[in-house]
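J.: In my numbering, the protein residues as written are 36 to 227. The C-beta atom is built at its ideal place from N, Cα and C for all residues, glycine as well. Predicted, not measured: the structure shown is a model, and the values here were computed from it.
1) Terminal residues of the continuous alpha helix (DSSP H) containing residue 150?
2) Residue 40 lies in the beta strand (DSSP E); which residues open and close that run?
3) I need the boundaries of the alpha helix (DSSP H) containing residue 193, first residue and last residue.
4) Throw me the rounded Cβ distance for the residue 100 and residue 129 pair, which I believe falls under 8 Å.
5) Can you check whether the CB of residue 108 is closer than 7 Å to the CB of residue 131?
6) Where do the ends of the alpha helix (DSSP H) carrying residue 200 lie?
7) If you drop the 5 nearest sequence neighbours on each side, which residues of the same chain put their C-beta closer than 7 Å to that of residue 70?
8) Measuring alpha carbon to alpha carbon, tell me which residue in 214, 104, 187 and 68 is nearest residue 39.
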């Protein structure tokens, strides 16, 4: 019999991993790979702990997750991960969604759950965008507070000759290219 390994993931730093860790340990996971703040757009390539898990499993191992949406946020990603596990002879179990992932019916259920998770993520994003738009129209939305230290770093990088795309990829900057371009435009307008 192989190892029983767990995988726990949260989408934000504000979510707590503890309930997942407790459920996985209670289900028999001997080692748990943990990722926090991977976001909803994270795929397998941007999750080093998932990559380590998939690289390290061997035939006969069992991978436990609390729910399928903790393993993947999109159906294509879910299908890729489950295929990788199946190809290696690894069993996948979702401890809070009891069904057999290895049977034909289980794979169908897995696919349906993946589609539902993707659908819910899309609905959440739509509701958030609608709420932001409503708040903007009523004058209540101002966006995230400005990070003055980051703005200074951006202006310093511009002075070094970097463009917004290069700056957005800089390891100390957590802003999109579009956000940087808006910041630079505001800065230029303020200089006039």
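T.: Let me lay it out:
1) That run of the alpha helix (DSSP H) goes 139-172.
2) Start and end: 39-44.
3) First-last of the alpha helix (DSSP H) with residue 193: 183-194.
4) Contact between residue 100 and residue 129 holds: CB atoms are separated by about 5 Å, below the 8 Å threshold.
5) Contact: no.
6) Unbroken alpha helix (DSSP H) run through residue 200: 199-203.
7) Taking C-beta separations shorter than 7 Å and ignoring five residues to either side along the sequence, the partners of residue 70 in its chain run 44, 82, 84 and 85, following chain order.
8) When only C-alpha atoms are compared, the closest one is 68.
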